[in-house]
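Novice: Residue numbers (the numbering used here): 48 to 318.
For every residue, glycine included, the Cβ atom is placed at its ideal position computed from N, Cα and C.
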Amino acid sequence: MELLTSDVGVTVTDKIVTRLTRSVEKRDLADPKIVRSTLRSILLEILSSCERPMLLDNEVGPAMILVIGVNGVGKTTTIGKLTHRFQREGKSVMLAAGDTFRAAAVEQLQVWGQSQDVPVVAQPTGADSASVIFDALESARSKKIDIVIADTAGRLHNKTNLMEELAKVIRVAGKVDPCAPHEVLLVLDATTGQNALSQMAEFETIAGVSGIALTKLDGTAKGGVIFALAEQHKVPVRYIGVGEGIEDLRPFVAKDFVDALLPPITIGNNK
């Protein structure tokens, strides 16, 4: 029940419980400490394959991160926090306002850029997203910027248009650098629970996904959907968002996540 209330989902919970009952001796199934310890080991094993940090080592020209996801998941905020993190590492950053469908998205990105003294390449609402991102990559290359982070539209209800737009963005970026984008980062909202799985499947088809950022883990959701993502898609979780502050985007650490979801109990005699 604890797994289900944490949004792990019925299918994956069944698999975990099956593994648990096979791993624990029958005589120990009534011992909550042994069961909990074994369960933690199983959860950690599932997530350990997802603990792969984002590595951007582009020797020629800027590294490009293409940020994708539906509207409202926190893409723009994640971009702002990523910018701050890269700046702390001594990297120079440029932002590309590729969500030209929503004026608010461009404005939000410009606010982040101004607050962190980072250039933002933008065009009027309705402009070609691929053109914006192409201009940003060209500008970043000429200015020897280290990283370009590109925002994108999230109109999943209009899948055909979104698919065509993202395909064009990737194709055009490849004209500047055949290896671009160097990371396709899907932003998922932990509070959406199992809906995140369908979003993952859709975007994996549309653009391919090389990493995930799971946001809003400071809310009531415990982000258990990450186990289903790990089991079904095997995509690395790069970052988790744990608050509104600019420092609240953290690299994913499997043990820390399991500790928060299912705190350990010390095995042994209590004295």
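Can you tell me whether DSSP reads isoleucine 112 as helix, strand or coil?
Specialist: Reduced to three states, the DSSP call for isoleucine 112 is strand.
Novice: Tell me which residues share the same chain as asparagine 317 and place their Cβ nearer than 7 Å to its Cβ, disregarding the 5 neighbours each side in the sequence.
Specialist: Reliability of the predicted coordinates at asparagine 317 is poor, the pLDDT of 47 falling under 50, and the value obtained from them is presented with this limitation in mind. Answer for asparagine 317: no residue qualifies.
Novice: Tell me the start and end of each unbroken beta strand (DSSP E) in the stretch 276-304 that is at least 3 residues and wholly inside, in chain order.
Specialist: Counting whole runs of 3 or more residues, the stretch 276-304 contains the beta strand (DSSP E) stretches 284-288, 296-298.
Novice: On the three-state DSSP scale, how would you describe glutamate 230?
Specialist: Glutamate 230 falls in the strand class under three-state DSSP.
Novice: Here's the rule I'm using: 16 or more other beta-carbon atoms within 10 Å means buried, otherwise exposed. How should threonine 147 be labelled?
Specialist: Burial call: buried.
Novice: How many angstroms separate the CA atom of glutamine 155 from the CA atom of leucine 142?
Specialist: The straight-line gap from Cα to Cα measures roughly 11 Å.
Novice: For alanine 150, does the count of other Cβ atoms within 10 angstroms reach 16, so buried, or fall short, so exposed?
Specialist: Exposed, since its Cβ has fewer than 16 Cβ neighbours within 10 Å.
Novice: How is methionine 101 classed by DSSP in three states: helix, strand or coil?
Specialist: The answer is coil: DSSP assigns methionine 101 none of H, G, I, E or B.
Novice: Would you call the stretch 211-230 in contact with the stretch 176-193, where contact means no fewer than 3 C-beta pairs closer than 8 Å?
Specialist: Contact between the stretch 211-230 and the stretch 176-193 is present, because at least three Cβ pairs lie under 8 Å.
Novice: Have a look at Asp61, Phe133, Phe181 and flag the residue whose alpha-carbon is nearest the alpha-carbon of proline 225.
Specialist: Here the closest residue by C-alpha is Phe181.
Novice: How close, in whole Å, do the beta carbons of proline 109 and arginine 202 come, if the pair is a contact with beta carbons under 8 Å?
Specialist: That belief does not hold up - the Cβ atoms of proline 109 and arginine 202 are roughly 27 Å apart, past 8 Å.
Novice: Would you kindly work out how many angstroms separate the C-alpha atoms of proline 310 and lysine 263, rounded to a whole number?
Specialist: Approximately 20 Å, taken between the alpha carbons.
Novice: CB-CB under 6 Å to alanine 237, same chain, minus the five flanking residues each way: which ones, in chain order?
Specialist: Closer than 6 Å at the Cβ level, and outside the excluded window around alanine 237, lie Leu261, Lys263, Leu264, Ala268, Gly270.
Novice: Short of 8 Å in beta carbon distance, which residues of its chain neighbour valine 223, apart from the five on each side in sequence? Order them along the chain.
Specialist: If we look at valine 223 and ignore the five residues flanking it on each side, its Cβ neighbours are Gly108, Phe181, Leu184, Glu185, Arg188.
Novice: Under a Cβ-count criterion, where at least 16 other Cβ atoms within 10 Å of its own Cβ denotes burial, should glutamine 161 be classed as buried or exposed?
Specialist: Exposed.
Novice: Strictly by DSSP, which residues pair up with leucine 235?
Specialist: DSSP, once it has assigned bridges, lists Leu261 as partnering leucine 235.
Novice: If we count Cβ pairs, one from each stretch, closer than 8 Å, do we get three or more for the stretch 125-136 versus the stretch 245-252?
Specialist: Counting Cβ pairs under 8 Å, fewer than three are found: no touch.
Novice: Around the Cβ of glycine 258, are there at least 16 other Cβ atoms within 10 angstroms (buried) or fewer (exposed)?
Specialist: Under this definition glycine 258 is a buried residue.
Novice: Helix, strand or coil: how does DSSP classify valine 59 here?
Specialist: Correct three-state label for valine 59: helix.
Novice: Assuming valine 114 contacts leucine 232 (C-beta within less than 8 Å), just tell me the rounded distance between them.
Specialist: Contact holds; Cβ gap of about 5 Å.
Novice: Are at least three pairs of beta-carbons, each pair with one atom in the stretch 71-79 and one in the stretch 278-295, less than 8 Å apart?
Specialist: These segments do not touch.
Novice: Under the rule that 16 or more other beta-carbon atoms within 10 Å means buried, what is lysine 206, buried or exposed?
Specialist: When all chains shown are included, lysine 206 counts as exposed.
Novice: Identify which residue in Gly173, Gly145, Val195 has its Cα closest to the Cα of lysine 138.
Specialist: Of the listed residues, the one whose Cα sits closest to lysine 138 is Val195.
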